[in-house]
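Following: one structure in structure tokens, then a few remarks.
Residue numbers (the working numbering): 1 to 258.
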């Protein structure tokens with residue numbers, strides 16, 4: 001399994017890519033709170049057919065060590081260090097939820113690192129319900145099960161919700177709490193309109209965590225952005241409708257010629 005040293009953390013990542021190597025900009029996927037690279041595996045396979053495609057585990061997530069962070073800015077530093085350590089340049093960055101907050105922040109602070117961005121299930125603000133934070137400090141399993149019910153479309157089988165909760169609990173509770181605090185403090189209401197990169201905004205039509213109005217606001221704020229609303233999908237749109245998400249990203253990049 002590949003790792004790269006970034007600060008004090010050994011950062012794990014997985015990748016796909018064509019042989020011979022492509023001249024197209026590489027694509028880097030950033031997961032959300034309490035997640036890991038595994039949420040992007042289906043997109044890695046599809047996008048990796050034509051270009052180098054990489055999904056990272058943030059510190060304390062997946063197979064990366066470290067203690068995570070409680071501010072989006074700290075995660076931005078890690079992701080920037082990861083990009084530099086791999087010698088990447090002018091990448092396409094795809095972020096989900098908290099990963100979307102990281103992507104927006106990097107687009108504002110370091111636009112020269114990026115060729116384009118994709119923002120999935122995210123917004124310019126990511127407030128966390130107080131009862132979830134309170135439950136996490138008392139009964140972590142109950143809190144994570146609450147999250148699992150919120151992030152999937154209604155009618156999702158109980159076994160899928162259990163698998164999602166089990167996967168999230170492989171991340172330590174302090175790291176999950178830090179992620180949620182980072183999301184809760186995130187606010188780019190006034191800055192998002194300064195994003196000048198080509199952008200695709202993706203949202204499930206049944207997303208209860210970052211509903212379509214969040215995506216529509218992002219779309220209006222980012223000049224020239226494209227909006228993709230995905231039917232029959234909730235917050236975990238890339239897992240619930242993986243083909244639609246992959247095709248949307250591919251079509252977006254083809255229209256850009258990158």
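We put the CB at the ideal spot given by N, CA and C, even for glycine.
In this text the structure is predicted, and so the values were computed from the model without any measurement.
Option nearest residue i by Cα separation, candidates the options
i, options, result
"residue 202", "218, 190, 47 and 9", "218"
"residue 173", "192, 144, 196 and 190", "144"
"residue 198", "176, 243, 178 and 258", "258"
"residue 182", "133, 163 and 154", "133"
"residue 22", "52, 127, 255 and 2", "52"
"residue 235", "214, 254 and 253", "214"
"residue 244", "229, 220 and 160", "229"
"residue 185", "161, 127 and 163", "127"
"residue 239", "5, 41 and 247", "41"
"residue 7", "14, 76 and 44", "76"
"residue 190", "125, 254, 152 and 129", "125"
"residue 176", "154, 111 and 36", "36"
"residue 200", "131, 78, 246 and 89", "246"
"residue 154", "248, 237, 220 and 32", "237"
"residue 256", "19, 24, 131 and 188", "24"
"residue 4", "44, 163 and 78", "78"
"residue 211", "231, 254 and 19", "231"
"residue 18", "32, 2, 38 and 44", "44"
"residue 111", "131, 129, 89 and 68", "89"
For residue j and residue i, believed in contact at Cβ under 8 Å, the rounded distance
i, j, result
"residue 59", "residue 9", "4 Å"
"residue 96", "residue 63", "Actually they are not in contact, since the Cβ atoms of residue 96 and residue 63 sit about 18 Å apart, beyond 8 Å."
"residue 233", "residue 241", "4 Å"
"residue 109", "residue 91", "Not a contact, Cβ separation roughly 15 Å."
"residue 259", "residue 148", "The question about residue 259 has no answer here: the residues shown for the chain are numbered 1 through 258."
"residue 179", "residue 34", "6 Å"
"residue 325", "residue 195", "Residue 325 cannot be examined here, being either before or after the span of the chain that is shown, 1 to 258."
"residue 61", "residue 171", "6 Å"
"residue 249", "residue 151", "Not a contact, Cβ separation roughly 20 Å."
Identity of the residues DSSP links to residue i by a beta bridge
i, result
"residue 96", "120"
"residue 229", "203"
"residue 12", "3"
"residue 29", "55 and 94"
"residue 187", "125"
Q) Do the segment 92–107 and the segment 167–175 touch if we need at least three Cβ pairs shorter than 8 Å? A) no
Q | the segment 24–40 in contact with the segment 81–97 per 3-pair CB rule at 8 Å | A | Contact holds: three or more Cβ-Cβ distances are below 8 Å.
Q) Three or more beta-carbon pairs under 8 Å between the segment 66–78 and the segment 43–52, yes or no? A) no
Q: Could you tell me which uninterrupted alpha helix (DSSP H) segments, each at least 4 residues in length, are contained entirely in the segment 105–149, listed from first to last along the chain?
A: DSSP runs (the alpha helix (DSSP H)) wholly in the segment 105–149: 130–138.
Q) Are there three or more Cβ pairs, one per stretch, closer than 8 Å when the segment 210–224 is compared with the segment 136–156? A) By the C-beta criterion, the segment 210–224 is judged not to be in contact with the segment 136–156, since fewer than 3 inter-stretch pairs fall below 8 Å.
**Q.** Meets three-Cβ-pair contact criterion under 8 Å: the segment 202–211 and the segment 112–127
**A.** yes
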